[in-house]
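Protein chains in written order, with the numbering used here: chain A, 40 to 384; chain B, 572 to 869; chain C, 926 to 1021.
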């Protein structure tokens, strides 16, 4: 009961010597310290590190306990500390990505598996009705039709390319459900991306827009999308993301088709698209890949839009985005975002 | 009967496992901490937990103490509201600097006692002295309230505020310890020593306990069950001390029987402090099982 | 007591219980409990949570609890803490 010589310390990630020790410890436990981590704790017995755990947004990750100390409540101590930190930050809805060997520990502390891939990774959440609630909400916008299609997009920001893809889909479908990636990691904030998507599709009356929230290409279902990690990891994460889509989202909306925009540049998106084209037909969901809209020499992309903004090239910008997006970019409201793009890129 | 306070075990106020079995390790007192060991965000949780523990659990003969947060924090007043109602044996004030600190808490305790219908004066207090100003005011503090059962030294903050660090010999807090023992004795209350933080260093702990016992302290604060028996061992009287005490008791009985107003042993007169010590030695002996009342009749 | 936001208290350490209270408009008090001693004590744990909530006049809420072998007074304490946090109240009524 009294393990007073065991204490938990917050790791100062800015201090390389401390961070390196955690990285080494994780390596010994076959884990990679992921670069999106924003909070790490170490558990010490006297001065030796015997366990660690980290947070990234609303996700718990990189949790490991020295084998000698397993079964002594250290794991639960780490989880408790991580969960409490999340609550103090205002994150109530939490996710864990974990290998099958640790799944049971998380289930013992109140997490529940929502999906898994080939015994490689499991995704768990701490709300026993989390995904059901999301799905319940979606159900309200269910519309009948022969072809119910779907698109998942980030729109950072909304371009003529996005508009073209949606128009194509809208023309050949009864209903198009658009899921906007809902993770504040893009240069354009969530609400702006949503606003521009809405404005750019307001002329299409069979388009329904949803926030992807935690369950479509989010930090929780698809961390490597944001980490731009190596191939096998991306493939696993992409598969998990697609499984969630097929298992939970398609049935409630009656989705039987998915459109993807061809991705010539970004390898992660490309890998994701490949997985979609391979997996969805197995579940009787048709996939149609639409070639990118081109202007001048190349395809239109959000990357190009951001580049034009950075360079202050308004003429080129006008050729890439619809009027609605353009108006926003030149407005006073956009100033902080534009400044950030100019500085960051 | 002489109340023993050889050991007061610290228990983090927000840890259910420790709160539930704190009395099973044999310390004379247990101190539930709402102060330093509880993070700011968990003050409310610890208060509820300790309150419900005290109103539900049966801690038997173990004295219960609650260390509250200071009145200069946003938590002190709520701690008092809860704890006076929960009625531990003693409420411990942290960082006491002046007699006014004690009186201020006493005033609030009385107000709550009156409000909820507890007999005024029921709630006892203990003051922890953790800085040089408190040490200088030790006697004034010790005699400031009838509710005070003892004063304690808290060394961790103390050494920092006198610009030094703790050593194994404890030379840096010798003056403060002496001051506190003197003040407690002058006021007729208990003197309680600070914690020894290295729970793996038994030898260091025993040496420090021997030192403070020799200085005159009634007991020591402990942070781990294993320190309890170590401290009790140090406080266990020797056979010789026990025999002496028994002879004193015989002399008292003899004096009573003969109706003599004077107690004498081996031709020497015995007065108050020696009688008190004899009782205390026998209590200490009984507590550690080295002496049982029936042994006397053999 | 009027619940305003999600209130959380406790931990998943041994002898403790983690309680998450979420306000709802209707549907009564709905408790989902996870416990290693579900068979023997599941009902009792839920009862303590529910009674504690009712004693504070709470009629509707969803509660998620993960029990690690907590005894009644610990369950009660954690529920109360979560309730006060959920109601955003720091004026306590002791002894009621």
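The beta carbon of each residue, even a glycine, is placed where N, CA and C say it ideally should be.
Kindly indicate if chain B contains any beta-carbon less than 8 Å away from that of residue 960 of chain C. Residue 960 of chain C sits at position 35 when you count from the first residue of the third chain. For residue 960 of chain C, the answer is no, since every Cβ of chain B falls outside 8 Å of its Cβ.
Hey, would you say residue 718 of chain B sits closer than 8 Å to residue 677 of chain B, going by beta carbons? Along the second chain, one-based indexing puts residue 718 of chain B at 147. Along the second chain, one-based indexing puts residue 677 of chain B at 106. Yes; because the gap between Cβ atoms is below 8 Å, this pair is in contact.
Contact set between residue 248 of chain A and chain C, taken where Cβ atoms lie within less than 7 Å: For the purposes of this step, residue 248 of chain A is identified with residue 209 of the first chain, where counting begins at 1. Those do not exist, as residue 248 of chain A stays about 27 Å from chain C at its closest Cβ, beyond 7 Å.
Quick test of your reading: residue 294 of chain A and residue 324 of chain A, contact by CB under 8 Å. State the CB separation rounded to the nearest angstrom. Here residue 294 of chain A is taken as the residue at index 255 of the first chain, counted from 1. Here residue 324 of chain A is taken as the residue at index 285 of the first chain, counted from 1. Right, the Cβ-Cβ distance comes to about 7 Å (below 8 Å), so this counts as a contact.
Just curious, the beta strand (DSSP E) that residue 314 of chain A is in, first and last residue? Sequence index remark: in the first chain, residue 314 of chain A carries index 275 (1-based). Per DSSP, residue 314 of chain A belongs to no beta strand (DSSP E); it is in the alpha helix (DSSP H), 306-318.
Do residue 706 of chain B and residue 750 of chain B have their beta-carbon atoms positioned less than 8 Å apart in this structure? Along the second chain, read from residue 1 onward, the residue named residue 750 of chain B stands at position 179. Along the second chain, read from residue 1 onward, the residue named residue 706 of chain B stands at position 135. Yes; because the gap between Cβ atoms is below 8 Å, this pair is in contact.
With a threshold of 7 Å on Cβ separation, who are the neighbours of residue 685 of chain B within its own chain once the five nearest residues in sequence on each side are excluded? Along the second chain, read from residue 1 onward, the residue named residue 685 of chain B stands at position 114. Here the set comprises 691.
Against chain A, does residue 770 of chain B count as a neighbour if the rule is that its beta carbon must be under 8 Å from one of theirs? Mapped onto the second chain, residue 770 of chain B falls at position 199. Yes, contact with chain A.
In chain A, what lies closer than 8 Å to residue 612 of chain B by C-beta? Residue 612 of chain B sits at position 41 when you count from the first residue of the second chain. In chain order: 123 and 127.
Alpha-carbon to alpha-carbon, residue 589 of chain B and residue 736 of chain B: Locating residue 736 of chain B in the second chain gives position 165, where the first residue counts as 1. Locating residue 589 of chain B in the second chain gives position 18, where the first residue counts as 1. Rounded to the nearest angstrom, the two C-alpha atoms are 29 Å apart.
Would you mind sorting residue 321 of chain A into buried or exposed? The rule is 16 or more other CB atoms within 10 Å of its CB. For the purposes of this step, residue 321 of chain A is taken as the residue at position 282 of the first chain. Answer is exposed; the Cβ neighbour count stays below 16.
Chain C within 8 Å of residue 591 of chain B, Cβ atoms only: As a position in the second chain, residue 591 of chain B is number 20, starting the count at 1. Answer yes: the Cβ-Cβ gap between residue 591 of chain B and chain C drops below 8 Å somewhere.
How would you list, in chain order, the residues of chain D whose beta-carbon sits under 8 Å from the beta-carbon of residue 44 of chain A? Protein chains in the displayed structure are A, B and C, and chain D is not among them.
Would you mind working out which of A:78, A:306, A:289 and A:145 sits nearest residue 181 of chain A, comparing C-alpha positions? Along the first chain, read from residue 1 onward, the residue named residue 181 of chain A stands at position 142. The shortest Cα separation from residue 181 of chain A among A:78, A:306, A:289 and A:145 belongs to A:289.
Assigned secondary structure, residue 120 of chain A (DSSP; H/G/I helix, E/B strand, else coil): Against the first chain, residue 120 of chain A aligns to sequence position 81. Helix.
Suppose contacts are defined by Cβ-Cβ distances below 8 Å. Is residue 744 of chain B in contact with residue 770 of chain B by that definition? Position 173 of the second chain, counted from the first residue, corresponds to residue 744 of chain B. Position 199 of the second chain, counted from the first residue, corresponds to residue 770 of chain B. For residue 744 of chain B and residue 770 of chain B, no; Cβs fall outside 8 Å.
Counting only the same chain and skipping the five closest in sequence on each side, list residues whose C-beta sits under 8 Å from that of residue 156 of chain A. As a first step, residue 156 of chain A is located in the first chain; it is residue number 117 there, counting from the start. Within the same chain, residue 156 of chain A has close Cβ partners 275, 278, 279 and 282.
How is residue 1015 of chain C classed by DSSP in three states: helix, strand or coil? Indexing the third chain from 1 puts residue 1015 of chain C at position 90. Residue 1015 of chain C: coil per DSSP, three-state reduction.
Start and end of the beta strand (DSSP E) containing residue 729 of chain B? Residue numbering aside, residue 729 of chain B sits at position 158 when the second chain is read from its first letter. Note, residue 729 of chain B: premise wrong, no beta strand (DSSP E); alpha helix (DSSP H) at 726-732.
Can you find a CB in chain B that lies within less than 8 Å of the CB of residue 929 of chain C? Reading the third chain from its first residue, position 4 is the one you call residue 929 of chain C. Chain B contact via Cβ: absent.
C-alpha gap between residue 673 of chain B and residue 697 of chain B, whole angstroms: Position 102 of the second chain, counting from 1, holds the residue named residue 673 of chain B. Position 126 of the second chain, counting from 1, holds the residue named residue 697 of chain B. If I take the Cα positions, the gap works out to 9 Å.
What are the complete beta strand (DSSP E) segments, minimum 3 residues, inside the stretch 588-623 of chain B? 600-604
Check the Cβ-Cβ distances between residue 620 of chain B and every residue of chain C, and say whether any is below 8 Å. Position 49 of the second chain, counted from the start, is the residue given in the question as residue 620 of chain B. Yes, its Cβ sits closer than 8 Å to a Cβ of chain C.
Quick check on residue 659 of chain B: buried or exposed, where buried means 16 or more other Cβ atoms within 10 Å of its Cβ? As a working note, residue 659 of chain B is residue 88 in the second chain. Buried, because 16 or more other Cβ atoms sit within 10 Å of the Cβ of residue 659 of chain B.
Candidates A:68, A:80 and A:47: which alpha carbon is nearest residue 58 of chain A's? What you label residue 58 of chain A is simply residue 19 of the first chain in a count that begins at 1. Residue 58 of chain A has its Cα closest to that of A:80, out of A:68, A:80 and A:47.
Can you tell which of B:799, B:768 and B:806 has the C-alpha that lies nearest to the C-alpha of residue 786 of chain B? Here the question's residue 786 of chain B lines up with position 215 in the second chain. Comparing Cα-Cα distances from residue 786 of chain B to each of B:799, B:768 and B:806, the minimum goes to B:806.
Proximal chain A residues relative to residue 937 of chain C, where beta-carbon distance stays under 8 Å: Taking the first residue of the third chain as 1, we reach residue 937 of chain C at position 12. Near residue 937 of chain C (Cβ distances below 8 Å), the residues of chain A are 115, 118, 119, 122, 147, 148 and 149.
Quick one, which residues of the stretch 981-1010 of chain C are near chain B if we go by CB-CB under 8 Å, in chain order? 995, 996, 997, 998, 999, 1001, 1002, 1003, 1005, 1006, 1009 and 1010
If we call anything under 8 Å between Cβ atoms a contact, is residue 361 of chain A one with residue 338 of chain A? Start at 1 with the first residue of the first chain, and residue 361 of chain A comes out as number 322. Start at 1 with the first residue of the first chain, and residue 338 of chain A comes out as number 299. No, they are not a contact pair.
My output table needs one value for residue 330 of chain A: the three-state DSSP class, helix, strand or coil. Reading the first chain from its first residue, position 291 is the one you call residue 330 of chain A. Residue 330 of chain A: coil per DSSP, three-state reduction.
Residue 101 of chain A - DSSP class collapsed to helix/strand/coil: Looking up residue 101 of chain A in the first chain gives position 62. Strand at residue 101 of chain A.
On the criterion of 16 or more Cβ atoms from any shown chain inside 10 Å, does residue 351 of chain A qualify as buried, or is it exposed? Indexing the first chain from 1 puts residue 351 of chain A at position 312. Under this definition residue 351 of chain A is an exposed residue.
How close, in whole Å, do the beta carbons of residue 255 of chain A and residue 218 of chain A come, if the pair is a contact with beta carbons under 8 Å? Position 216 of the first chain holds residue 255 of chain A. Position 179 of the first chain holds residue 218 of chain A. About 5 Å separates the two Cβ atoms, so the contact holds.
Report the residue from B:668, B:734, B:679 and B:728 whose alpha carbon sits nearest the alpha carbon of residue 711 of chain B. As a working note, residue 711 of chain B is residue 140 in the second chain. When each option's Cα is compared against that of residue 711 of chain B, the closest is B:668.
Which residues in the same chain have their Cβ closer than 8 Å to the Cβ of residue 937 of chain C, if we skip the five residues on either side of it in sequence? Looking up residue 937 of chain C in the third chain gives position 12. Same-chain partners within the cutoff: 943, 991 and 993.
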